[in-house]
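Order-wise, the sequence lines are chains A and B.
Under the working numbering, residues 449 to 555 are what the first sequence spells out, in order.
Under the working numbering, residues 176 to 575 are what the second sequence spells out, in order.
Ideal Cβ placement from N, Cα and C applies to all residues, glycine included.
These notes are about the structure you will find just below.
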Amino acid sequence: MSAGEKVITNPVKANAGWKELPIGGIIPQGGTARGFFTGGWRSLTPVWDAEKCISCLQCWIFCPDMAIQVEGGKMVGIDLDYCKGCGICAAACPPRTAAIKMVNEGA
Amino acid sequence: MAVKQKTVAESHAITGNEAVAYAMRQINPDVVAAYPITPATEIVQIFSNYHADGLVDTEMVLVESEHSAMSATIGASAAGSRAMTATSSQGLLLMHEMLYVASGTRTPIVMPVVNRAVSAPLNIHCDHSDTMGSRDSGWIQLYGENAQEGYDNLIQSIRIAEHPDVMLPVMTMTDGFITSHGMENVFLLEDEEVQAFIGGFKAAYPLLDTDNPVTFGPVDFTDYYFEHRRQVFEAMVNAKQVILDVAKEYERLTGRSYGFFETYRLDDAEMAIVVLSSAAGTTRFVVDQLRKQGMKVGMLKLRVFRPFPATELVEALKHVGAIAIMDRADSLSGEGGPVGAELRAAFYNEEKRPKAVNYIYGLGGRDVTIHHIESVYKDLANILETGVVGPTVRHLGVRE
Ligand code: SF4
Ligand code: SF4
């Protein structure tokens, strides 16, 4: 995904007052999570080894955000803007493959 | 428009629950998700018979708890359907978390509630502790005196809830057993009249419209949460005019008039009782008896507790010398019940205001008799005579 696609036109004006906001916290547009970068929450970072990866896509299924990048049915990388560092991908990766390791960024 | 006057012969002898279930059939909601609880069980039980007989188009979801019932109803409403459920007492308490989600998400759900005491000790009979416990949940609350009002309030609620200026859930109450299982004459509308009155429901952002995707229930932190809660405040204020407008239109259809409250012989009254639901019937009888003895007594029966019609209540009661505010629920603040607290607060800035006492009565279905009500008016007469208010919170009909 190119950087441009991450800029979404938010239907809700920034700092809108209560009279302007759609009621009930409803966001009348789909896919707005693209504009919300959970990467800032991360303390552990997944490091992916393309050589070991068998593209089983278990990580793509289980990733709670949209960090796992897939093209043409193949795992191609991790977009850290959406990676909160939960480690689920590493746990979901088949043990004999073990293509993702979590590393401590601060270390 | 001429009101079609119905004769008693055209009325139907049915119970409160039957009247409410009948209204639900005529409303024909898209989804009903429910879990049984006494004394509201019959509503959904009767409705499920209608469903089994093919008399409604409703999708029925028989869930495993009231928390799930409310959750499923919210989901169905967000999806864009007209969704209903029904409950009582512990069931309403189990829904409590989801009640706030329903109002905060602005899903116009309508739910009949049959008032019942809450545990412990275990009790299945009437008091208002269940719905009074939901008074800050952002639901509109309409209290009905009898089966007719339970029926009429439910039909009007659909219009109130779904009004674009409101978009809030509504609960309509009847008293457990006293009304829910008591048989009365009830005037019923024709199915087509109900359908024409309520009209269709068109959600602004139906979740199932995949061509126009929307997000429901996102996180809403320090930056927007306050604004969204401010909107709910506004919707509750807006509901006042909508409730009156819908009542006017309903009166044109039925000849039965509704407002925030009903006053009975109040205009020249020196003493008045403020009461909700079925005990109003007993009070009205006592007012007539005491009037014959020359006592200037009256009654105000509150129908709409949320939104709280403070200004209108002050206007209606400010000329009265002494009022007794009846609460069939105790806030357990040590200072009385919810109606007592809010009505007295409404008078705070008024120069001219009645002396006021708050009575807790009828807890756990304890009978409130004409003798009890007479004693309250006698207490008020004593307050007027001596000018001494005495204890501001009193318990009516409890053994010492
Ligand atoms: S660490 Fe968690 S958020 Fe990051 S890619 Fe893996 S599963 Fe997704
Ligand atoms: S789970 Fe592991 S092997 Fe499967 S696609 Fe993801 S990184 Fe590759």
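In this structure, the straight-line span from the alpha carbon of residue 509 (chain A) to that of residue 210 (chain B) is close to 35 Å. Counting the other CB atoms within 10 Å of its CB gives residue 193 (chain B) a total of 16 or more, which places it among the buried residues. Taking C-beta separations shorter than 7 Å and ignoring five residues to either side along the sequence, the partners of residue 516 (chain A) in its chain run 507, 508, 523, 526, 537, following chain order. With a cut-off of 6 Å, the C-beta of residue 549 (chain A) is classified as distant from ligand 1, since no heavy atom of the ligand falls inside that distance. Non-local C-beta neighbours of residue 364 (chain B) in its own chain, meaning closer than 8 Å and more than five positions away in sequence, comprise 201, 330, 372, 428, 429, ordered along the chain. Remark: the C-beta of residue 511 (chain A) is outside contact range of ligand 2, defined as less than 6 Å to any heavy atom. Residue 530 (chain B) is bridged by DSSP to B:497.
Counting of Cβ neighbours within 10 angstroms places residue 412 (chain B) among the exposed residues, the total staying below 16. Three or more beta-carbon pairs separated by less than 8 Å are not found between the stretch 480-489 of chain A and the stretch 420-440 of chain B, which leaves the two stretches without contact. At least 7 Å separates the beta-carbon of residue 534 (chain B) from that of residue 492 (chain B). The beta carbon of residue 490 (chain A) is closer than 8 Å to those of 528, 531, 532, 533, 553 in its chain, skipping five residues each way along the sequence. Taking all protein chains in view, the Cβ of residue 287 (chain B) is crowded by 16 or more other Cβ atoms within 10 Å, so the residue is classified as buried. Annotation for residue 510 (chain A): the continuous alpha helix (DSSP H) segment containing it runs 506-510.
Non-local beta-carbon contacts of residue 376 (chain B) in its own chain, meaning distances under 6 Å to residues more than five positions away in sequence, involve 257, 337 in chain order. Close CB contacts of residue 196 (chain B) within its chain, under the 6 Å cut and outside five residues either way in sequence, are with 218, 221, 222 (chain order). Within chain A, 473 have C-beta atoms less than 8 Å from the C-beta of residue 392 (chain B), given in sequence order. Exclusion of the five residues before and after residue 275 (chain B) leaves 312, 313 as the residues of its chain whose Cβ lies within less than 8 Å of its Cβ. The DSSP-derived three-state label of residue 517 (chain B) is helix. Bounds of the beta strand (DSSP E) holding residue 190 (chain B) are 187-190. With a cutoff of 6 Å, residue 502 (chain A) counts as near ligand 2, since its C-beta is closer than that to a heavy atom of the ligand.
Restricting attention to B:575, B:387, B:555, the CA atom closest to the CA of residue 532 (chain B) is found in B:555. Of all residues in the stretch 436-457 of chain B, none is placed with a Cβ closer than 7 Å to any Cβ belonging to chain A. Not one heavy atom of ligand 2 lies closer than 6 Å to the C-beta of residue 514 (chain A).
Residue 367 (chain B) and residue 295 (chain B) have their C-alpha atoms roughly 44 Å apart. For residue 264 (chain B), the CB contacts under 6 Å within the same chain, skipping 5 residues up- and downstream, are 291, 293, 305 in chain order. Taking a beta-carbon distance threshold of 7 Å, residue 403 (chain B) counts as an interface residue toward chain A. Per the C-alpha coordinates, the member of B:269, B:242, B:214, B:207 positioned closest to residue 251 (chain B) is B:207. Scanning B:452, B:471, B:414 for the CA closest to the CA of residue 442 (chain B) turns up B:471.
Leaving aside the five residues that flank residue 547 (chain A) on each side, the residues in its chain whose CB is nearer than 7 Å to its CB run, in chain order, 496, 497, 500, 501, 541. Neighbours of residue 465 (chain A) in chain B, taken as residues at a C-beta separation under 8 Å, are given in chain order as 402. Within the stretch 313-354 of chain B, the complete beta strand (DSSP E) segments of 3 residues or longer fall at 315-318, 345-350, listed in chain order. By the CB criterion at 7 Å, residue 341 (chain B) and residue 410 (chain B) fall inside the cutoff. Between the C-alpha atoms of residue 323 (chain B) and residue 360 (chain B) there is a straight-line separation of about 8 Å. The closest heavy atom of ligand 1 lies 6 Å or more from the beta carbon of residue 542 (chain A). With fewer than 16 other CB atoms across the displayed protein chains lying within 10 angstroms of its CB, residue 396 (chain B) is exposed. Think of a sphere of 8 Å around the beta carbon of residue 281 (chain B): the chain A residues whose beta carbon falls inside it are 471, 472, 474, in chain order.
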